[in-house]
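Undergrad: As numbered in the numbering used here, residues 1265 to 1506 make up the sequence shown, in order.
Sharing a structure below in structure tokens format, with a few things to ask.
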Amino acid sequence: MAHLKATADTNSSFALYVLATTIAPWKHIYGYPRLTILSSPSALVLSSACLGPTITQPNVYHFYKTSYDSMFKELESKDARLYKNNGILNMLNRNRGVKWGPERWQDWQVGVPRLQHAKDRGSEGTEGGLVDIVITCEERCWDAVVDDLLNRGSPLNRPVHVINVEIKDNHEEAAIGGQGILDLANSLNAAAREERDAVGASSFDNGSASSRASFDERVPDILASWQERWPNLPATWTVAWF
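Quick look at the structure:
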């Protein structure tokens, strides 16, 4: 139920999917074309939960039935002081300005148009239901995404880079991690633009393995350079297939 903040980039060359798994109030992604957000506290749960008055009393909301705006208003009416002090109201207030509500990775139908998400900030470029980069923030979610993609059987034969940036679940680490992921996204986008210019837009944009090979080959070096800049954000990477 968390998000990062990015600046506008009208020349983005590929699409990213960010799977955020922490309940810490991360900064959001604003106006970042071709960057879409998947927010969920877990890749494999049936409901979305956020902090309650005690550890045994979480606030549970079913996916696709409760908007961030509804969550905000309900918790504000329950105990505005509590949920403001623990950061939940601030997080939900930012979230409702980004998208309608949380989603689950396993419910996402690859290749099916996401036209109902047109009002979500950062949805531009993902209308066709395809992305090129998936970023998770917890290793167990990275494992779940990779396993899910394997189980789908690669019907489109389209490569997708799955990257985990491990981030501790607290406000301070989440803020730092958000900046690190933004830096990584910018580096990947810069390389994608270069390779798109080199091979031609029509060829690059079709997303086939052959047309993206030059970019795919650069990803390990991009990650290595990024890891040197962000040594406290351990990353795991693999290439999977849609």
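In this text, a Cβ means the ideal position worked out from N, Cα and C, and glycines have one as well.
Computed from a predicted model, the values in this text were never measured in an experiment.
Does the Cβ-Cβ distance between A1408 and L1448 come in under 9 Å?
TA: Residue numbering aside, residue 1408 sits at position 144 when the sequence shown is read from its first letter. Residue numbering aside, residue 1448 sits at position 184 when the sequence shown is read from its first letter. For A1408 and L1448, no; Cβs fall outside 9 Å.
Undergrad: So, under 8 Å CB-CB, L1394 and F1506 are touching, yes? Tell me the CB distance rounded to an integer number of Å.
TA: For the purposes of this step, residue 1394 is taken as residue 130 along the sequence shown, with counting starting at 1. For the purposes of this step, residue 1506 is taken as residue 242 along the sequence shown, with counting starting at 1. Right, their Cβ atoms sit about 7 Å apart.
Undergrad: For the alpha helix (DSSP H) that W1494 lies in, which residues bound it at each end?
TA: By 1-based counting over the sequence shown, the position of residue 1494 is 230. Premise fails: W1494 is in no alpha helix (DSSP H) and is neither H nor E.
Undergrad: Indicate whether the contact test is met: 3 or more Cβ pairs, each with one atom in the stretch 1360 to 1370 and one in the stretch 1323 to 1340, closer than 8 Å.
TA: At 8 Å Cβ cutoff, the stretches touch.
Undergrad: Under the three-state reduction of DSSP, which class applies to N1350: helix, strand or coil?
TA: As a first step, residue 1350 is located in the sequence shown; it is residue number 86 there, counting from the start. N1350 falls in the coil class under three-state DSSP.
Undergrad: Where Y1325 and D1461 are concerned, what is the direct C-alpha to C-alpha distance, given to the nearest angstrom?
TA: One-based indexing of the sequence shown puts residue 1325 at position 61. One-based indexing of the sequence shown puts residue 1461 at position 197. Near 45 Å, if we compare the C-alpha coordinates of D1461 and Y1325.
Undergrad: Mark A1438 as exposed unless 16 or more other C-beta atoms lie within 10 angstroms of its C-beta, in which case mark it buried.
TA: As a first step, residue 1438 must be located in the sequence shown, where it is residue number 174. It counts as buried.
Undergrad: Beta carbon of V1376, beta carbon of A1504: below 9 Å?
TA: What you label residue 1376 is simply residue 112 of the sequence shown in a count that begins at 1. What you label residue 1504 is simply residue 240 of the sequence shown in a count that begins at 1. Contact: no.
Undergrad: Go ahead and label L1379 buried or exposed: buried means 16 or more other beta carbons lie within 10 angstroms of its beta carbon, across all protein chains shown.
TA: As a first step, residue 1379 must be located in the sequence shown, where it is residue number 115. Per the 10 Å Cβ criterion, exposed.
Undergrad: Please report how far the alpha carbon of V1429 lies from the alpha carbon of S1451, in whole angstroms.
TA: For the purposes of this step, residue 1429 is taken as the residue at position 165 of the sequence shown. For the purposes of this step, residue 1451 is taken as the residue at position 187 of the sequence shown. Cα to Cα, the separation comes out at about 15 Å.
Undergrad: Only counting runs of 3 or more residues, tell me where the beta strand (DSSP E) segments fall wholly within the stretch 1403 to 1440, in order along the chain.
TA: You should have 1423 to 1429.
Undergrad: Would you tell me roughly how many angstroms separate the C-alpha atoms of T1318 and N1349, rounded to the nearest one?
TA: Locating residue 1318 in the sequence shown gives position 54, counting from the first residue. Locating residue 1349 in the sequence shown gives position 85, counting from the first residue. Going from the Cα of T1318 to the Cα of N1349 covers about 14 Å.
Undergrad: Between the alpha carbons of R1493 and E1340, how many angstroms are there, rounded?
TA: Taking the sequence shown and counting its residues from 1, one reaches residue 1493 at position 229. Taking the sequence shown and counting its residues from 1, one reaches residue 1340 at position 76. Cα to Cα, the separation comes out at about 40 Å.
Undergrad: Could you say which of Y1347, E1402, S1331 lies nearest to W1501 if we only look at CA atoms?
TA: Here residue 1501 refers to the residue found at position 237 of the sequence shown. Measuring from the Cα of W1501, the nearest candidate turns out to be E1402.
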